[in-house]
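What follows is a set of notes on a single structure, which appears directly below.
2 protein chains.
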Amino acid sequence: MEINKLNQDIKKKYNKYFQQYGSVLLINKNNIIYNSKIISNKSKKSKIFPVIKANAYGMGVISITNILIELGYKNIFLANIAEGIEVRKKFKSLNIYILNCGQPFNAQILIKHNLIPVLNSLEDIKSWEYNSFNNASCVIHLDTGMNRLGLSYSNILELKKTKYINNLNIKFLMTHLAFAENIKKKFNEIQLNKLQKYAKIISKIKNKSIQTSICNSSGIWLGEEYLLNIVRPGASFLGINPLFNKKNPLKETVSLYAQITQIRKAFKGTSIGYGQTIKLKKDSLIATISIGYSNGLSRLLSNKGSVYIKNKKLTILGRVSMDLTVIDISKFDDGELKIGDIVEIFGDNKSLEKFARENGTIPYEILCNVDKNIPKIIV
Amino acid sequence: MEINKLNQDIKKKYNKYFQQYGSVLLINKNNIIYNSKIISNKSKKSKIFPVIKANAYGMGVISITNILIELGYKNIFLANIAEGIEVRKKFKSLNIYILNCGQPFNAQILIKHNLIPVLNSLEDIKSWEYNSFNNASCVIHLDTGMNRLGLSYSNILELKKTKYINNLNIKFLMTHLAFAENIKKKFNEIQLNKLQKYAKIISKIKNKSIQTSICNSSGIWLGEEYLLNIVRPGASFLGINPLFNKKNPLKETVSLYAQITQIRKAFKGTSIGYGQTIKLKKDSLIATISIGYSNGLSRLLSNKGSVYIKNKKLTILGRVSMDLTVIDISKFDDGELKIGDIVEIFGDNKSLEKFARENGTIPYEILCNVDKNIPKIIV
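Protein chains in written order, with the numbering used here: chain U, 648 to 1026; chain C, 648 to 1026.
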């Protein structure tokens, strides 16, 4: 079902959730399927290993993994061991890669839960080599310019001297792009070249060609030469725009709604909310809505954000509080709106991308922050 | 145990959590006990009904409720019905008040789970009166200046005409202060006077004196005349400063830690992180730490925030990413810090209050946002 069609009967359908939680996050499964097809087409013959860390960007890692498995994916990346253990409990045959295995590096727990480590340093490699057996798989992360995780060039040269990787079953080598959303950036090419150079060194040590991976979601749009053997899209499944300042080739998947809790006439000169940060310049019709900064509507939007009711843009008045916010509904006649009416925070009328911009951040952070005290419903 | 003592053996004690989750939130129970005593002394003979909505401000409502019950509290406020049902499952004899019962108002579900509604409008009152029985308790919320929730003066005058409240078992009348943290604000007094005036009207209709409540955490510090019958402190149990621009009379209770995941030398002219937002002006020693915006370290702190290791203040380099952040550790000699060393985000060296200021927000929002993908440990 299209999100715009949804908007019409949200109230009836999810009544119970609004009543009990105040606000509701809807995740459009058909749009995930659509995005998956686009990603798959763009990825050509590369294998696709979805990255769904941070509780699938706040959307619920179990339900998103279910959808991905339905779509045929067999490998996923997660952020840490805790996430790995959680997903392993439900999905026995999925290949689960762990991006950051924590310190001290603990090979036993990885093996126990059948998790595949991404080895980020010589220390990780040494520890894995010492503790793993049975030819257990691993991935090696190479730093090509993020300066964040992965082996540096000098580390890679050390691999030659030591025998750490001689017995390792390296599934592939990966690196991470710093500026993939901007196709014009020469730095992407520099990182690709470095990865290929480093991969040659390691392949030579291992005396066989080892597979490589450089693309996050945005990387897939950089051109076929970046696809390599494996791509690692993440938030693009949720429709987050992989391109910088360009039209989104994907469909946004997530929308956030609250409801009107109360409607009142507020008089000229009266203030609204904590700290009396606004005084009304005229008599106004105002509504209190059932969402605040503990559910994803940032306090930064106090006195400047907006929401939508029946496709009309309505301004936030005063400070956003923890689970309530007041908006100006003077655009409507008295009696036109009712208690219980649905309020769109982002969705049809305002994209997640635009909402994030208004918050001074990116959609990723919005989604991660919305993951609280709110039911997340796959529709 | 004091937080400062804790800092020394965090690594040993919570090793498993750091390894699996990367970052860990510690909640100091003794400080909650200390704060409870301060609140209790300040509240004189008023009854104290703690407010622990939004999953106890992100700290975990079940574990915080357990502590409050140990401390002798028998009444709590929660935000919505979903929270009420969750807490009721574990705690059968606690009196649970629900601040926003959702729309359409559903008396049955409240009665079924033995939850006491705060009635915010004439509609709520009418619905409760029609559907409740057995003399079930309720609270009526009066608006005295927040313009957010509660009956307006004209609503109260209507109560006279209608018979809605005639049969209601009103436990007390409450209102909410807009500017309680600022003792100098005349508006506090205006709100108090309004509440007392409104309470008289309602007491007259009911033909008996009805109890009243105006104080949130900050309100308790406004003076004895504000205490009335019941006070509703919330985040002050966690030590959030109830006073504006004044020394905190409470002890902060929550601290947030990550660990060093990797250390590297980074060369002059190289960039760090997404978008290459920083280029190093000199060769530097840098560390990647296991926390990012999905765990409570806001992306707003990119290139300007700081963290502490061994009591030294260290700057964030480049963009904060989802679960990783890079910091400058050049203040330390090479070899002085090790992978796995503990990093303080806020705690001993930086108060939650200061951290919130750096984020352009208040401690409440920080705590609500930290409640994700992180173990919360009562120590």
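Every residue gets a Cβ at the ideal spot worked out from N, C-alpha and C, and that includes glycine. Bear in mind the structure is a predicted one, so any value in this text is a computation, not a measurement.
Quick check: the Cα distance between residue i and residue j, rounded to an integer number of angstroms?
i: asparagine 854 of chain C; j: asparagine 840 of chain C; result: 20 angstroms
i: lysine 694 of chain C; j: isoleucine 745 of chain C; result: 17 angstroms
i: isoleucine 963 of chain C; j: phenylalanine 914 of chain C; result: 16 angstroms
i: serine 690 of chain U; j: leucine 874 of chain U; result: 6 angstroms
i: proline 1022 of chain C; j: methionine 706 of chain C; result: 10 angstroms
i: leucine 824 of chain C; j: isoleucine 861 of chain C; result: 7 angstroms
i: serine 710 of chain C; j: tryptophan 868 of chain U; result: 46 angstroms
i: serine 687 of chain U; j: valine 878 of chain U; result: 10 angstroms
i: serine 670 of chain U; j: tyrosine 704 of chain C; result: 17 angstroms
i: asparagine 814 of chain U; j: lysine 808 of chain U; result: 14 angstroms
i: isoleucine 837 of chain C; j: glutamine 843 of chain C; result: 10 angstroms
i: aspartate 930 of chain U; j: leucine 961 of chain U; result: 16 angstroms
i: valine 765 of chain C; j: glycine 920 of chain C; result: 48 angstroms
Using a Cβ-Cβ distance under 8 angstroms, would residue i count as near chain C?
i: glutamate 776 of chain U; result: no
i: glycine 987 of chain U; result: yes
i: methionine 706 of chain U; result: no
i: methionine 821 of chain U; result: no
i: threonine 1008 of chain U; result: yes
i: serine 799 of chain U; result: yes
i: phenylalanine 834 of chain U; result: yes
i: lysine 841 of chain U; result: no
i: glycine 792 of chain U; result: yes
i: arginine 1004 of chain U; result: no
i: asparagine 888 of chain U; result: no
i: glutamate 983 of chain U; result: no
i: threonine 935 of chain U; result: yes
i: tyrosine 1011 of chain U; result: yes
Mark residue i as exposed unless 16 or more other C-beta atoms lie within 10 angstroms of its C-beta, in which case mark it buried.
i: glutamate 828 of chain U; result: buried
i: threonine 935 of chain U; result: buried
i: threonine 859 of chain C; result: buried
i: tyrosine 811 of chain C; result: buried
i: asparagine 781 of chain U; result: exposed
i: tyrosine 777 of chain U; result: exposed
i: aspartate 970 of chain U; result: buried
i: serine 856 of chain U; result: exposed
i: lysine 847 of chain U; result: exposed
i: glycine 965 of chain U; result: buried
i: lysine 928 of chain C; result: exposed
i: glycine 866 of chain U; result: buried
i: aspartate 988 of chain C; result: buried
i: asparagine 892 of chain C; result: exposed
i: glutamate 730 of chain C; result: buried
i: isoleucine 796 of chain C; result: Reading the sequence as shown, one finds leucine at residue 796 of chain C and not isoleucine. The residue in question, leucine 796 of chain C, is buried, as its Cβ has 16 or more Cβ neighbours within 10 Å.
i: glutamate 649 of chain U; result: With a pLDDT of 48 at glutamate 649 of chain U, under the threshold of 50, the modelled position of this residue cannot be trusted, and the question is left open.
i: leucine 903 of chain C; result: buried
Between residue i and chain U, is there a C-beta pair that is closer than 8 angstroms?
i: glutamate 805 of chain C; result: no
i: valine 973 of chain C; result: yes
i: glutamine 838 of chain C; result: no
i: isoleucine 825 of chain C; result: Sequence check: residue 825 of chain C is alanine here, not isoleucine. Yes - at least one Cβ of chain U is within 8 angstroms of the one on alanine 825 of chain C.
i: lysine 818 of chain C; result: no
i: asparagine 892 of chain C; result: no
i: arginine 911 of chain C; result: yes
i: leucine 869 of chain C; result: no
i: serine 768 of chain C; result: yes
i: cysteine 1015 of chain C; result: yes
Under 7 angstroms from any heavy atom of the ligand HEM, does the C-beta of residue i make it?
i: serine 937 of chain C; result: Among the components modelled here there is no ligand, and therefore nothing to report on the ligand HEM.
message: Across the stretch 769 to 777 of chain C and the stretch 865 to 885 of chain U, are there enough close Cβ pairs to call them in contact, namely three or more that are closer than 8 angstroms?
response: no
query: Are the stretch 942 to 953 of chain U and the stretch 1001 to 1019 of chain U touching by the rule of at least three beta carbon pairs closer than 8 angstroms?
result: yes
query: Is the stretch 954 to 962 of chain U close to the stretch 735 to 743 of chain C, with three or more CB pairs under 8 angstroms?
result: no
query: Okay, do the stretch 887 to 900 of chain C and the stretch 911 to 928 of chain C touch, 3+ Cβ pairs below 8 angstroms being the bar?
result: no
- request: Anything in the stretch 749 to 766 of chain U with a Cβ closer than 7 angstroms to a Cβ of chain C? List those residues in chain order, please.
  value: Those would be Gly749, Gln750, Pro751 and Asn753, in chain order.
message: For the structure I just gave you, are there three or more beta carbon pairs, one from the stretch 676 to 691 of chain U and one from the stretch 991 to 1010 of chain U, closer than 8 angstroms?
response: A contact is defined here as three or more CB-CB pairs under 8 angstroms, and the stretch 676 to 691 of chain U fails this definition with respect to the stretch 991 to 1010 of chain U.
message: Check whether the stretch 968 to 975 of chain C and the stretch 773 to 789 of chain U are in contact - that is, three or more C-beta pairs closer than 8 angstroms.
response: no
message: At a CB distance below 9 angstroms, what residues from the stretch 844 to 861 of chain C approach chain U? Give them in sequence order.
response: none
field: Near-chain C residues of the stretch 917 to 932 of chain U (beta-carbon distance less than 9 angstroms), N- to C-terminal order
entry: Thr917, Ser918, Ile919, Gly920, Tyr921, Gly922, Gln923 and Leu927
- prompt: For the stretch 717 to 735 of chain C, which residues have a beta carbon sitting closer than 8 angstroms to at least one beta carbon of chain U?
  reply: From the stretch 717 to 735 of chain C, only Ala726, Asn727, Ile728, Ala729, Glu730 and Ile732 have a Cβ closer than 8 angstroms to chain U.
message: Residues of the stretch 660 to 676 of chain C in Cβ contact with chain U at a cutoff of 7 angstroms, in chain order, please.
response: Phe665, Gln666, Gln667, Tyr668 and Gly669
- prompt: What residues in the stretch 941 to 952 of chain C have a beta carbon less than 9 angstroms from any beta carbon of chain U?
  reply: Ser941, Asn942, Ser945, Arg946 and Leu947
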